[in-house]
Amino acid sequence: MAHPVLWRGKTFFYPIGNTSAVCLTQDLCPTEKADVLLLGCGDPRHILYTVYTNSTGSQASRKLDFTCCDLESAVIARNVILFTLLADEGAAQRVPQIWNIFFHFFLDKASHDLLISQCKKLVELSSDMDSWHNGPYGHFLRMCAGDTLAELRRLWQLYVKTTTCSPSEAKAFESAYAADVKASKAKFEFVFTASRAAGPLSMYALKMAGDHFNIYWETGICSAVPKRPSEVSHPNPTLAYSMVGDRFGVHYATDPLSCFHLAEAFAPAVGSARHPKQVTLKDVVNVCKTQFSRWCTSVSKVLRSQSPSSPSLLIIRCFVGDALSLCQALGYSRTTKSSSTPFPVAPWNNACITLDPDAYGIGAQPPVPTTFNIIDTSNLLDHVGVLNILAVTSPILQRTPSATLYTEGLSGSSPEEVLPQQLCGDIATIGLLLGLIPVSFISQFTNRSNMHELLMQVTTGNATQNHERLAWKLLGGAEKLLTDLDCPIDIAAEQLAGVFFNIYLNMFSHENMARKLGMVKQSPESIKLLGIIHYHRRSFVEILGAVKRRVITDWDSTMNMLLHDKIQNDRTLLTGMNFYQDLCCQLHLLSVFTVKWMSLQMVQEVHRVERPFIFRDWKTLPQTVCVVLVVPRDHLQPLLPDLDGAGTPVLQCDIRGVTTLNTFSRINTVFGTIKISGKSDGKTAAIEEDVTRRYGSSPLVVWFWVPSIVLSTEHRLSVGLSVLSTPATCMSLGMKLGLTLSLFRADMGDERLVHILRQRPNAVSEGPVEKSVQISSRPMKTPGATFVRLDKECKKPLSFTTRVDIVEPEMKASLTSGATPTVNQVSMHSIAIVLGDKSLQFPFPLPVDAKKAKLRIARKSLYIEVTLPLKLALGETDTDMFPIIPKEGDLALWNMHRVNLDQCMPFSINNKKALDWVNPHVSLMFSERERRIPQNLATGSTLLDVKHTLHLIFAHASGTADGKPPLCYALQEEHKIFVLLYITDLRLDVGSHAVVADAWVMPSSPLSAKVDAFNKVSGHVMSGSNMKQLGIPVEERKAWMHLLVAATERCRMWEHKTNCEYRVQGAIPLTLQPDESPICSCGAGVGAEAFVKKYPMLRPLAPHVTRAVISPLFALSYMEKVGRPEDSDAVTTKTPPTRTPASAAAVRHACAACGKEGGFGSLLICSRCKVVRYCSAGCQREDWKGHKKRCVAPSS
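Below, the structure written as structure tokens:
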């Protein structure tokens, strides 16, 4: 596994999610089949909500195929109970009981009886895979592996058993359960976690969240009343068994309200003038129950409409095990067509994943998904590390522009610094290496708001957590011209070695002694958090393997420079060389690189000449061998309390000699007994796993791979199991275990406790091996490949270079005759090289700046080499920042998610006092950098100009600016209107915690019918204050032309026609001319009844308006500090367009002259404008000539 082995002492059960439900198909085309992989799936709220949001319009025919993976089998067991209950007849009437079963600690008799009855049915149906798949639920609820079904059946049997035990046993169970519930409650007076679920209205939910949390944990039920009814007395058995053990172990911060969209309770409903402060806890609980009922009813309707004999629109596949291993197993199965894989089911489990051969084996029909267009990783980022996630998910993410990987996690008080730390490098650099990038990093905005997190920090004074959900897509997917989303890149060997070394230092910074000493003054809690380790040498090698498949370079030179020139000479990581043999072993095992001393020839020569004692009877010596260490239980048992109290320490093994010490971090652990057969190089081992694990009496068996030559260098060797040294483990275990933190040690020659094997324990002679699928092929250098140049520190990409061979006759003639080619910007990712009347277009994986292109022309050899700097600085955005990508006859949105407006709750704007949350919410579109840019000058940023216009639209539409909202908004350039916007409602996009405008757009065009229609209503539109005119500059107007296409595409419930103008003209948008429409006519008038109902006097316009969703473009808290909400009034007015250009060089942590990055403390800030930064006085002098023209002191 790519993650270190952790000793998990105190664990918790997470049966209920702690974030609001999201729509998992929001980034797919409306009718695109959804192949969804849910890693760390948790409860089924996302599935329920996704089915609900896909229940209307063209999306209702979408096929939904979910593969759900969770390490906690009790989570999957509960989910299966819920889905099977919803598939049964009469499910809609039983939703209240289903709610109780899923969320309550204690049940009434009716709910308890329903649960036990269902579990008995599931036990009967799950005797084996055939029985299950041929049963009433098998056509939509599939098991990925036989082990999964067996584990679920075990739990269902335990649930049933609670009702068949003796009266004394039942009483003891009930007493212990109640005591555990009481003991598990958080030792805090207030827990506000659920207030996050209210999004922009979270400030009103704080007290209510705390009140409900206390009631929930006091009574064990979701209620507004702090007393549990006497008839609700049965312990919920689905919460009594988990990885915690046979007892209630639910996490102390669990609150069902966190799963839902509380904003719907606090926002004033249409027709109501109620202030959010008047909402009661009963209102909130009822809204959650109503949402649950709507979602369940949608799922039940789909399931009840399906039959075993017809293809299912909804399929749910279940797997119990490790998320990283499942990804690797799916990739292995896809490549080898084998259902048996070499990847462990889970940590502390000796079994390897064997998928259902009928579904994943050769010739399986119908084929099941092994690649996915949606991969959701829940909050695994915080538990396994983002690099581990990217390494195993990128190979199984489908190569389409809509394919999306979601990550989410909690960052600390400085979220703008967290993602580069998590990635162990620059975001753009890691993106280039692995081929995945956060889409908002490119676009510099997001439609999903986490700004309520900032409000909560201000309100509660707690700045330790900031929830961030990111959408990652394939690099280059925003470019229409890029048809190969696996396009390789070219990096010089010395620079790639430098990049790898920087990643290496960051991944293993816990081995940096200077960093350890710097942590001495940290609080114990901070030390504990900083001691969480996600990576070992195998993790690093997995990353190198992923890069090897993608990057063109001299690989052997790269690896030799990395290993010999950098790692071997490194003095930063104190214990770095202790792991060098481990690193070389993993490089060989994954076929990434084999060092010379591990070559088969060298190993066999050592065996022939040295005849090492430990291999004295081996006929041949392999390059790697498996070392097995048996740790007796009587030695381990006394240490368990100390290990349990140390958090989650990392376990590792070492081989120690008189003069040598080699540590191996990639180990495998299992409690059980070992049986040895054979001897010397024919020795094999079989482990019988102890199902009681740490609670049993069996020894701990540990095994790991080592280079065989390591065991050949000394005669007196010992092998040990120890805890990785961190400040946290030294503090908690140092006194007990000593400086080495050793748990157990045995002599290498002790054949009772140490075994040297040719194969791992329980290996089948012809079984699968990991290396066979790791590096299948290397990218070949092709004409036109993109060469990446990095900065001197090999941290950030600076430029792309590509060679263009001129083969077109007219262009060849122009070049040889001395014509000078020009470079034009086509899109943010592509350029056109123009020669005469001909041009060639070239896409790049990241945004480039054609204005700064440098050409090298070879007129005799007929090629042009073009070098382009990257365009990633904050504020440097192009007008085409809302890409729409044609995809198999449909259109894919790249950086804006789709919204079903009819399922977004509209809210009332009648009571302006009830809307005091709208302006702070919308104002957080602006970062602190953007707020500091003087508004009496042009911003220099098209994105910022669009944000100002959006802010003004929302301020007026909500009535918070000038009272009554206008009838329409006229966007105009130099007094020439290019689009009219009519807003019928403000709604809540609850899945993204954002306010959106339900709008109808009518772009200008010379069509006589449209002109005639407008003339009929002009008296209404243009009278008094009915029209709000917004003047904008030309570049912003062009951006709006792109935005209008995205806005109409985001919410469409109709299909594009065969003669759609986008298809016929081959252009999206259709035009950038202000007097023509940029959008197609397919959606004109569709669903306009709502428009007419709101504005009956505008009925003549109905055939000409197209529905659109207008939403804020929020700043990115993971890239820069976001503006304070108390400054929101500063951006409520629209600045005039007649401004002089200003620099957009207010770049995060970067020198405005040379681009060098640094922390706040290492860069000098311009003392006048307080915006631009420099790395040195020399750079400031060099840049002053240009900067002084736009350097303006900020207004007070």
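In case it helps, full-length UniProt numbering puts the sequence shown at residues 1 to 1196.
Each residue gets a CB set at the ideal place from its N, CA and C atoms; glycine is no exception.
The C-beta of residue 695 has fewer than 16 other C-beta atoms within 10 Å across all chains shown, which makes the residue exposed. Where residue 729 is concerned, the enclosing alpha helix (DSSP H) starts and stops at 727-737.
Ranked by Cα distance from residue 689, the options 681, 698 and 682 are led by 698.
Looking at the backbone, the Cα of residue 252 and that of residue 1100 are separated by about 59 Å. Residue 1080 has its alpha-carbon roughly 10 Å from the corresponding atom of residue 1067.
The Cβ-Cβ distance between residue 933 and residue 950 does not fall below 9 Å. With fewer than 16 other CB atoms across the displayed protein chains lying within 10 angstroms of its CB, residue 645 is exposed. For the pair residue 756 and residue 603, the CB atoms are not nearer than the 9 Å cut-off. According to the DSSP secondary-structure assignment, residue 800 is paired through a beta bridge with 788 and 868.
Membership of residue 588 in the alpha helix (DSSP H) is indicated by the continuous run 580-589. Taking a cut-off of 8 Å on C-beta distances, the region 403-417 touches the region 366-377, as three or more cross pairs fall below it.
Looking at 685, 50 and 4, the one whose alpha-carbon comes closest to that of residue 348 is 4. Selection 712, 882, 543 and 739 evaluated against residue 615 yields 712 as nearest (Cα-Cα).
Cβ-Cβ distances below 7 Å link residue 1037 to 973, 978 and 1074 in the same chain, with the five nearest sequence neighbours on each side left out; the list follows chain order. At least 9 Å separates the beta-carbon of residue 828 from that of residue 890.
Contact between the region 208-226 and the region 274-286 is present: three or more C-beta pairs spanning the two stretches fall below 8 Å.
DSSP places residue 755 within a strand segment (E or B) once states are collapsed to three.
The shortest C-alpha to C-alpha distance from residue 824 to any of 660, 810, 812 and 843 is the one to 843.
In this structure, the beta-carbon distance from residue 988 to residue 996 falls below 9 Å.
The three-state secondary structure of residue 841, taken from DSSP, is strand.
In the structure shown, residue 689 falls within a strand segment according to DSSP collapsed to helix, strand and coil. Taking the Cα of residue 683 as reference, the smallest distance to any Cα among 717, 38, 763 and 734 is reached at 763. DSSP, reduced to helix, strand and coil, places residue 89 outside both helices and strands of the structure shown, so it counts as coil. Distance from the Cα of residue 250 is smallest, within the candidate group 13, 1059, 982 and 807, for 13.
The C-beta distance from residue 1108 to residue 999 rounds to 5 Å, short enough to meet the 8 Å contact threshold. The beta-carbon separation of residue 35 and residue 369, rounded to 4 Å, stays under the 8 Å limit for a contact.
Taking one beta carbon from each stretch, the region 1082-1097 and the region 1051-1061 have 3 or more pairs nearer than 8 Å; the two touch. The secondary-structure analysis by DSSP pairs residue 669 across a beta bridge with 702.
Put simply, the backbone Cα of residue 785 is about 12 Å away from that of residue 805. Proximity to residue 1041 across 928, 971 and 246 peaks at 971, based on C-alpha coordinates. Just measuring C-alpha positions, the residue of 693, 958, 681 and 845 sitting nearest residue 475 is 845. Looking at the DSSP output, residue 142 sits in a beta bridge with 317. In the three-state scheme derived from DSSP, where H, G and I count as helix and E and B as strand, residue 334 is classed as helix. Shortest Cα-Cα distance from residue 493 to any of 239, 355 and 547 involves 547.
Residue 68: member of the beta strand (DSSP E) spanning 64-70, first to last residue.
In this structure residue 238 touches residue 74 by the C-beta definition: roughly 7 Å separates them, less than 8 Å.
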